[in-house]
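Protein sequence lines, in the order shown, are assigned to chains A and B. Residue 1 is where the first sequence starts when you use the numbering used here, and the numbers rise one by one after that. Residue 490 is where the second sequence starts when you use the numbering used here, and the numbers rise one by one after that. The beta carbon of each residue, even a glycine, is placed where N, CA and C say it ideally should be. Okay, so here's the structure we're looking at.
Protein chains: 2
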Amino acid sequence: HADCLASCIAACSFFQNHCTLHYLQKAAPQAQVEFDFSGPSMKTAVPGPRSQNMSLSQNVGAINFFCNYEESRGNYLVDVDGNRMLDIYTQISSIPIGYNHPALLKLMSNPNNLSTLVNRPALGILPPENFPDKLTESLLSMSPSGMTRVQTMACGSCSNENAFKAMFIWYRNKERGHNTPSEEDLSSCMVNQAPGCPDLSILSFMGAFHGRTMGCLATTHSKAIHKLDVPSFDWPIAPFPRLQYPLEEFSRENAQEEARCLEEVEDLIVKWRQKGKPVAGIVIEPIQAEGGDNHASPDFFKSLRNIARKHGCAFHVDEVQTGGGATGKMWAHEHWGMDDPADIVSFSKKLLTGGYYHRDELQPYRIFNTWMGDPSKNLILAEVLNVIRRENLLEEVTRSGKALLNGLYDLQAQYPGMLSRARGQGTFCAIDICDDATRNSILLKARDKGVLLGGCGDRSIRFRPSLVFKEYHVHIFLNIFNEVLAQHK
Amino acid sequence: HADCLASCIAACSFFQNHCTLHYLQKAAPQAQVEFDFSGPSMKTAVPGPRSQNMSLSQNVGAINFFCNYEESRGNYLVDVDGNRMLDIYTQISSIPIGYNHPALLKLMSNPNNLSTLVNRPALGILPPENFPDKLTESLLSMSPSGMTRVQTMACGSCSNENAFKAMFIWYRNKERGHNTPSEEDLSSCMVNQAPGCPDLSILSFMGAFHGRTMGCLATTHSKAIHKLDVPSFDWPIAPFPRLQYPLEEFSRENAQEEARCLEEVEDLIVKWRQKGKPVAGIVIEPIQAEGGDNHASPDFFKSLRNIARKHGCAFHVDEVQTGGGATGKMWAHEHWGMDDPADIVSFSKKLLTGGYYHRDELQPYRIFNTWMGDPSKNLILAEVLNVIRRENLLEEVTRSGKALLNGLYDLQAQYPGMLSRARGQGTFCAIDICDDATRNSILLKARDKGVLLGGCGDRSIRFRPSLVFKEYHVHIFLNIFNEVLAQHK
């Protein structure tokens, strides 16, 4: 069988070349899950000739290649040229339990669900009968600590935009001491002027990514190309800690670095209050993802949360990329171990629907749009959560994540000039490459060998497998990655 | 049978009370379409006891009632209390061909489409094989004149946000004379400052509604409550013509009013250029919908398009609510009869996916997000378009729209103290009620009698049926509406 042959050849070629690393002794076992493939299988370079033809006709700059989603399974993405790649990028971290999971195919084949697919309601005014139950089964069954309310949205940017609005409204009501706007508020806001449209701000961090719509973009500082040419707001931007690795060797320096950033946050809050643009909210990712997988300690986040409370700012944790289980917990902020981690937690991607949780105080009465999410996505999410629980996927992620990070430590030791700063939580891992050009070349070479990865920051590779990425997938990846690195050495 | 009985009772009660209006002579015939019901059927006041119970447990302020979408058919929305209402609001104008259309149920039952439902791609980088074909079958088969490119998005606000960005990027490249940013552009934009984040503006109109995310909200001026407490941009806002009705009696006054507004637009463009905040684009709805169904003449839009061209501003027509056939044409701007109506046309709602068309010059290379739309919505849209063509729905809309508007003229003549300014294009009609309180009371009374309507502006009722709203549905509506009005008289 062609697929078996291809993986045999790949395995042989690997064993001939790299029999020194310890993880090699664990031969990648057969896939344990019926719907998964046994390994990558490459027929052409990527993009192959069929993809290239299609790309040309569409003329869309960023397209990598065209995919055959029907043939994709589990951790493997199949392209239109018949190449089958181990997918450790998963549609920018947005596929929760792999491609074509049997439980989801079964769910979507159920005629009882047809109506949800063809009748998209205006959820804010005319929700379907089963909507409260579906919310309880899905999003409300995984509410962050201290939050019992959730508002769905269609995408990540809309989630953050509306979370910002909820914080502004909350802040202004707090300033007023009541919820009733003045006549001046009402008339001035119609023409975009204060006091109705107040000069409030959101404090964000250098390296942050919170989306690309205009409010979100004012808090995004990961890459210039995202922001260039778009008008913005004069809002405060604090430094995000730049930790040194390995963490255990730099605990003093890293603690100092985090203290410096926290001090800067407080200074900025005071400064912007003096400028007449008070900080209504602080927004932060538990791990800065697009910005280069930048981590900070639980202590940093605890202190930041306290600073927000002290200065009367709302605290918004953006879990659009970190949420949904990849860190080994459903929410990355659970690693902080706090009862009251945030006022708002936004999500999207792996959760299949956008939205945000919020504390009772941030009443969403004025948050509204036509669709307010999509019940067909809640339906799928409820089943994804069933699968996560039934298959203990968070434990699996923790196990695979350890294997992945240990493998990265080994490779880093073996290629010290090329690799550094291996880091991660669960399978939400990253490693730095010596420079941007080498990073990009490694990404392409890995792809041609059947491993799909993504970059982030200046020169990092980020690992974003779905939750069905097991230890044996880690070993398939490490073998191929080692091969690619050996060729670059 | 209970349903028949209910409609008989409704019909009898109607004939007993209101046999004077000419449209009454056209008895509402049986539904011609198998999946439609024969008329409204009310069992309780709305919201009924079941809805009220559910509302309480959810505590979401804006919810009208809970729906049974499985039982809804064609033009009829069924609620959880078994009430069946003729739906002339259609989920804020977002249901194109009624509830549970057999063609859509068949489409979604096709196992070939399962993969599209369970594997949502990052469309901007890894589109599915059939994506170019599905675009050609759906959105590209209805491209506005002069536009051959389309970008899908997840919702209406994201569509407008990204359309604004495309205009800003285009404008800055035009200013530069090339597409290469300076070092200063790149470094200043990272901290939200000019020149990288330039002080450009979008000109919008009083009464406009373009969405509720922060960029869109700066161009929305329909109701204070949408904008209150949210920081905004100092962007120019022009008056939208306030036409007097009936149009044929006020042609001179209306022409003067439109000329006044156009003059103000030019003044604002000059003024904002002098302020150092040049107008990169003008955004306008062909009919201001949320703002009160405000119309303007084709000449107004032609002149405005010319003003945009003269001053080097992009021209963005927001068809989120007007697009998709309700005006009797696929796009409301087709009524202007122009070859080159706009640089950008945005859409959502009835199109099931958000997005925008654009002219070649507005290259979208830097417009990006994770999902960039949702192929499962394109799939449904392609079939909706098949139905629209097969069933000649645009002609039907034109016919129903005439019946509706004539009926509104008649009612307006009969209730001159209560009704005024009947207006519309296709079934996209509206009428003004003497005051806000009466309008709201009429909406609730109509609902209790089985007709679901929406308000807009200060005191208008807007009609937003789906495209399968036939002449006999118009008569069912007019009969019930007349009954409600008679009780208010």
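Along chain B, which residues have their Cβ under 7 Å away from the Cβ of residue i?
{"i": "residue 230(A)", "result": "654, 657, 686"}
{"i": "residue 233(A)", "result": "681, 720"}
{"i": "residue 172(A)", "result": "718"}
To the nearest angstrom, how far is the alpha carbon of residue i from that of residue j?
{"i": "residue 357(A)", "j": "residue 692(B)", "result": "34 Å"}
{"i": "residue 892(B)", "j": "residue 818(B)", "result": "17 Å"}
{"i": "residue 659(B)", "j": "residue 670(B)", "result": "12 Å"}
{"i": "residue 597(B)", "j": "residue 734(B)", "result": "45 Å"}
{"i": "residue 254(A)", "j": "residue 297(A)", "result": "9 Å"}
{"i": "residue 952(B)", "j": "residue 232(A)", "result": "38 Å"}
{"i": "residue 741(B)", "j": "residue 763(B)", "result": "33 Å"}
{"i": "residue 869(B)", "j": "residue 585(B)", "result": "11 Å"}
{"i": "residue 650(B)", "j": "residue 716(B)", "result": "16 Å"}
{"i": "residue 469(A)", "j": "residue 454(A)", "result": "16 Å"}
{"i": "residue 156(A)", "j": "residue 736(B)", "result": "45 Å"}
{"i": "residue 707(B)", "j": "residue 806(B)", "result": "16 Å"}
Please compile the residues from chain B whose C-beta is within a distance smaller than 8 Å of the C-beta of residue i.
{"i": "residue 227(A)", "result": "678, 679, 681, 685, 686"}
{"i": "residue 286(A)", "result": "What residue 286(A) touches in chain B: nothing, since even the nearest Cβ is about 18 Å away."}
{"i": "residue 92(A)", "result": "611, 614, 859"}
{"i": "residue 237(A)", "result": "680, 681"}
Which same chain residues, not among the five before or five after residue i, have their C-beta less than 7 Å away from its C-beta?
{"i": "residue 477(A)", "result": "86, 88, 451"}
{"i": "residue 45(A)", "result": "448"}
{"i": "residue 960(B)", "result": "888, 889, 892"}
{"i": "residue 589(B)", "result": "524, 561, 562"}
{"i": "residue 172(A)", "result": "198"}
{"i": "residue 547(B)", "result": "Legend: pLDDT at residue 547(B) = 49, less than 50; position of this residue unreliable, value from coordinates given subsequently. Hits under 7 Å: none found."}
{"i": "residue 855(B)", "result": "658"}
{"i": "residue 43(A)", "result": "81, 82, 83"}
Please determine, among the options, the residue with the shortest C-alpha to C-alpha distance to residue i.
{"i": "residue 70(A)", "options": "901(B), 605(B), 655(B)", "result": "605(B)"}
{"i": "residue 594(B)", "options": "629(B), 873(B), 976(B)", "result": "873(B)"}
{"i": "residue 376(A)", "options": "92(A), 110(A), 64(A), 97(A)", "result": "110(A)"}
{"i": "residue 835(B)", "options": "856(B), 652(B), 709(B)", "result": "652(B)"}
{"i": "residue 769(B)", "options": "719(B), 562(B), 851(B), 810(B)", "result": "851(B)"}
{"i": "residue 339(A)", "options": "294(A), 143(A), 217(A), 131(A)", "result": "143(A)"}
{"i": "residue 793(B)", "options": "729(B), 841(B), 810(B)", "result": "729(B)"}
{"i": "residue 277(A)", "options": "718(B), 753(B), 771(B), 698(B)", "result": "718(B)"}
Give the interface partners of residue i over in chain A, defined as CB-CB distance under 7 Å, in chain order.
{"i": "residue 436(B)", "result": "Only positions 490 to 978 of chain B appear in the structure, and residue 436(B) is not among them; the question remains open."}
{"i": "residue 588(B)", "result": "119"}
{"i": "residue 953(B)", "result": "Near residue 953(B) there are no residues of chain A at all, since even the closest Cβ is about 11 Å away, more than 7 Å."}
{"i": "residue 557(B)", "result": "129"}
{"i": "residue 650(B)", "result": "213, 214"}
CB-CB under 8 Å to residue i, same chain, minus the five flanking residues each way: which ones, in chain order?
{"i": "residue 271(A)", "result": "236"}
{"i": "residue 907(B)", "result": "922, 923, 927, 974, 977, 978"}
{"i": "residue 187(A)", "result": "196"}
{"i": "residue 673(B)", "result": "684, 685"}
{"i": "residue 120(A)", "result": "371, 374, 375, 376"}
Beta carbon of residue i: closer than 7 Å to some heavy atom of the ligand ATP?
{"i": "residue 270(A)", "result": "Of the ligands one can find in the structure shown there are none, so the ligand ATP has no counterpart to examine."}
For residue i, go through chain A and note every residue whose CB falls closer than 8 Å to its CB, in chain order.
{"i": "residue 554(B)", "result": "126"}
{"i": "residue 647(B)", "result": "154, 155, 157, 158, 213"}
{"i": "residue 803(B)", "result": "By Cβ distance, chain A contributes nothing, its closest Cβ being about 13 Å from residue 803(B), past 8 Å."}
{"i": "residue 933(B)", "result": "Within 8 Å Cβ-Cβ: nothing; residue 933(B) doesn't reach chain A, min ~14 Å."}
{"i": "residue 636(B)", "result": "Under the 8 Å cutoff, chain A gives no residues; its nearest Cβ is about 14 Å from residue 636(B)."}
Tell me which residues share the same chain as residue i and place their Cβ nearer than 6 Å to its Cβ, disregarding the 5 neighbours each side in the sequence.
{"i": "residue 50(A)", "result": "80, 81"}
{"i": "residue 969(B)", "result": "938, 940"}
{"i": "residue 554(B)", "result": "535, 536, 540, 568"}
{"i": "residue 12(A)", "result": "Since pLDDT at residue 12(A) reaches only 37, below the 50 mark, its modelled position is unreliable, and the value read off the structure follows with that caveat. Same-chain partners within the cutoff: there are none."}
{"i": "residue 369(A)", "result": "none"}
{"i": "residue 911(B)", "result": "897, 898, 901, 920"}
For a contact defined as C-beta to C-beta under 9 Å, what are the partners of residue i on chain A?
{"i": "residue 838(B)", "result": "370, 371"}
Along chain B, which residues have their Cβ under 9 Å away from the Cβ of residue i?
{"i": "residue 88(A)", "result": "By Cβ distance, chain B contributes nothing, its closest Cβ being about 13 Å from residue 88(A), past 9 Å."}
{"i": "residue 109(A)", "result": "598, 600, 603"}
Quick one: complete beta strand (DSSP E) runs, 3+ long, within the segment 442-474 of chain A?
454-456, 460-463
Going residue by residue through the segment 553-602 of chain B, where are the continuous beta strand (DSSP E) segments of at least 3 residues, counting only ones entirely within it?
565-567, 573-576
Could you tell me which whole beta strand (DSSP E) segments of length 3 or greater appear in the segment 319-348 of chain A?
344-347
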